[in-house]
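Student:
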Amino acid sequence: MNDGVNGFEASPEDAENVGYKIIEMAGRVAVAHRCAPGAQARWCFGIDDARFEVCVTVAQPDSKR
79 MNDGVNGFEA SPEDAENVGY KIIEMAGRVA VAHRCAPGAQ ARWCFGIDDA
129 RFEVCVTVAQ PDSKR
């Protein structure tokens, strides 16, 4: 996948794997959040020479922000 803007190269399989990983993180954080509100799942991955950090938390309702 080349987005044409910043030139990152990632195969469709790589993009799918990143998406699945984030969904897995969300599921785990949802469970942890019940016991420890504010729990986070963190992960990093690289594309080309860039490193990206992903942090998943359970969003607070608008009334609690």
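The numbering of the sequence shown is my numbering, which starts it at 79 and goes up by one.
Quick reminder that beta carbons are idealized off the backbone N, C-alpha and C, glycines included.
When we look at the beta-carbon of residue 134 and count the other beta-carbons within 10 Å, is it buried (16 or more) or exposed?
Tutor: Its Cβ being crowded by 16 or more others within 10 Å, residue 134 is buried.
Student: Which two residues bound the contiguous alpha helix (DSSP H) that contains residue 93?
Tutor: Run containing residue 93: 90-113, per the alpha helix (DSSP H) assignment.
Student: Return the bridge partner residues of residue 134 from the DSSP annotation.
Tutor: Bridge partners of residue 134: 119.
Student: Where does residue 107 land, buried or exposed, given buried means 16+ other C-beta within 10 angstroms?
Tutor: Its Cβ being crowded by 16 or more others within 10 Å, residue 107 is buried.
Student: Spatial neighbours of residue 123 within its chain, please: CB distance less than 7 angstroms, with the 5 preceding and 5 following residues excluded, ordered by chain position.
Tutor: Excluding sequence neighbours, residue 123 sits near 96, 130.
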